[in-house]
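Undergrad:
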Amino acid sequence: MAADIVTDVFEEHRPVLTGVAYRMLGRVADAEDVVQEAWLRWSAEGRGDVLEPRGYLVRITTRLAIDRLRHVRSRREAYVGPWLPEPIATDFGYTVPDTAERAVLAESVSLAVLVVLEALSPLERAVFVLREAFGFPYGEIATTLDRTEAAVRQLAGRARKHVEERKPRYDVDPTERRDLTERFLDAASGGDLKALLSLLAPDVRLVGDSGGKSKAPLRVMQSVDKVGRFLFAVAQQPIQDMELRFVELNGGPALLVLSAGKPDTVLQLEVLDGRIQCVYIQRNPDKLVSLVSA
Numbered sequence: 119m120a121a122d123i124v125t126d127v128f129e130e131h132r133p134v135l136t137g138v139a140y141r142m143l144g145r146v147a148d149a150e151d152v153v154q155e156a157w158l159r160w161s162a163e164g165r166g167d168v169l170e171p172r173g174y175l176v177r178i179t180t181r182l183a184i185d186r187l188r189h190v191r192s193r194r195e196a197y198v199g200p201w202l203p204e205p206i207a208t209d210f211g212y213t214v215p216d217t218a219e220r221a222v223l224a225e226s227v228s229l230a231v232l233v234v235l236e237a238l239s240p241l242e243r244a245v246f247v248l249r250e251a252f253g254f255p256y257g258e259i260a261t262t263l264d265r266t267e268a269a270v271r272q273l274a275g276r277a278r279k280h281v282e283e284r285k286p287r288y289d290v291d292p293t294e295r296r297d298l299t300e301r302f303l304d305a306a307s308g309g310d311l312k313a314l315l316s317l318l319a320p321d322v323r324l325v326g327d328s329g330g331k332s333k334a335p336l337r338v339m340q341s342v343d344k345v346g347r348f349l350f351a352v353a354q355q356p357i358q359d360m361e362l363r364f365v366e367l368n369g370g371p372a373l374l375v376l377s378a379g380k381p382d383t384v385l386q387l388e389v390l391d392g393r394i395q396c397v398y399i400q401r402n403p404d405k406l407v408s409l410v411s412a
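In this text, residue positions in the sequence shown follow the working numbering: the first is 119, and each later residue adds one.
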């Protein structure tokens, strides 16, 4: 296989490889490292003997991601405060025209699902990602993981049950989430505490990720009073040359706060029955680097 063809084939499949790696690892940098390693292995030889490049490349990427996941989990045990996946810009409108398929991809990359996937074993997570997000047949997943198809089906059943039991039930309508985000922003920035509290569910949760590198709660906060008053107080604090942008991250609307042109905070809301159920705040600067051009 000629060098330019080798490159073209890999680039054709890069989006799915990056998608698999990100869902496995929850970090853009880690996913990019895995995909780069997959490229090095792919380009080392001509690969003229590979009949199905997509399956071959997914196999390499998945195995590399499993190895990387086992390594990074030891780092996460020492992480300061709650850990959230790195926000990633998404736009399935052009690449995935089918509404049902787009909804599946959006849910599989949502913060709520990625947080739940953290509790799965690396093999369970790989099976869940390949099967539920990308629709790979059990037989192909078995080849990828060097397991029997029966074992893969068992792993898939356990992973699916775990996710369904622990995944919060949220409304996925992006229009409603965008509307509530705008009303939330107006109430907080306008100093209307009563209006802000009215948007929050009684048992609303706030999860902040700073990695100990910026200001954010070091524990998950819960209750309308605690979360509401915390957000109200934060909104009154000035930010240098602040700019607000609405962007699509992890399959849904999000608020990107920039300070002097650089990403400072990402705020995402999970909504159910017209109330905010969970507030995710990402303030770890290492996890905001990829949003510079968002």
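Even for Gly, the Cβ is constructed at its ideal location relative to N, Cα and C.
Name the two residues that bound the continuous alpha helix (DSSP H) containing Thr266.
TA: As a working note, residue 266 is residue 148 in the sequence shown. Counting along the chain, Thr266 falls outside any alpha helix (DSSP H), and DSSP gives it neither H nor E.
Undergrad: What would DSSP say about Lys380, mapped onto helix, strand or coil?
TA: Against the sequence shown, residue 380 aligns to sequence position 262. The answer is strand: DSSP assigns Lys380 an E or B state.
Undergrad: To the nearest angstrom, how far is it from the Cα of Ser316 to the Cα of Arg172?
TA: In the sequence shown, counting from the first residue as 1, residue 316 sits at position 198. In the sequence shown, counting from the first residue as 1, residue 172 sits at position 54. The straight-line gap from Cα to Cα measures roughly 49 Å.
Undergrad: If Val397 and Leu324 are in contact, beta carbons under 8 Å, what's the gap, nearest whole angstrom?
TA: Position 279 of the sequence shown, counted from the first residue, corresponds to residue 397. Position 206 of the sequence shown, counted from the first residue, corresponds to residue 324. Correct: roughly 4 Å between the Cβ atoms.
Undergrad: Hey, could you find the ends of the alpha helix (DSSP H) Asp304 is sitting in?
TA: Taking the sequence shown and counting its residues from 1, one reaches residue 304 at position 186. It spans 292-307 - the alpha helix (DSSP H) in which Asp304 sits, taken as one unbroken run.
Undergrad: Hey, would you say Leu413 sits closer than 8 Å to Val134, going by beta carbons?
TA: Outside the shown range of the chain (119 to 412) lies residue 413, about which nothing can therefore be said.
Undergrad: Output yes or no for whether 8 Å exceeds the beta carbon distance between Pro371 and Pro292.
TA: Stepping through the sequence shown from its first residue, residue 371 is reached at position 253. Stepping through the sequence shown from its first residue, residue 292 is reached at position 174. The answer is yes: Cβ separation under 8 Å.
Undergrad: To the nearest angstrom, how far is it from the Cα of Gln386 to the Cα of Phe254?
TA: Residue numbering aside, residue 386 sits at position 268 when the sequence shown is read from its first letter. Residue numbering aside, residue 254 sits at position 136 when the sequence shown is read from its first letter. The alpha-carbon atoms of Gln386 and Phe254 are separated by roughly 30 Å.
Undergrad: Run through DSSP, which three-state label would Tyr212 get?
TA: The residue given as residue 212 occupies position 94 in the sequence shown. Low local confidence applies: a pLDDT of 47 at Tyr212 is under 50, so the model's placement there is unreliable, with the coordinate-based value given in what follows. Of the three classes helix, strand and coil, the one that applies to Tyr212 here is coil, per DSSP.
Undergrad: Does the separation of the CB atoms of Phe252 and Val281 fall below 8 Å?
TA: Within the sequence shown, numbered from 1, the residue matching residue 252 stands at position 134. Within the sequence shown, numbered from 1, the residue matching residue 281 stands at position 163. Not a contact, by the Cβ cut-off of 8 Å.
Undergrad: Please name the residue or residues paired with Ile394 in a DSSP beta bridge.
TA: Within the sequence shown, the letter at position 276 stands for residue 394. The partner list for Ile394 (beta bridge, DSSP) reads Leu318, Val389.
Undergrad: Return the bridge partner residues of Met360 from the DSSP annotation.
TA: For this step, residue 360 is matched to residue 242 along the sequence shown. Partner(s): Ser377.
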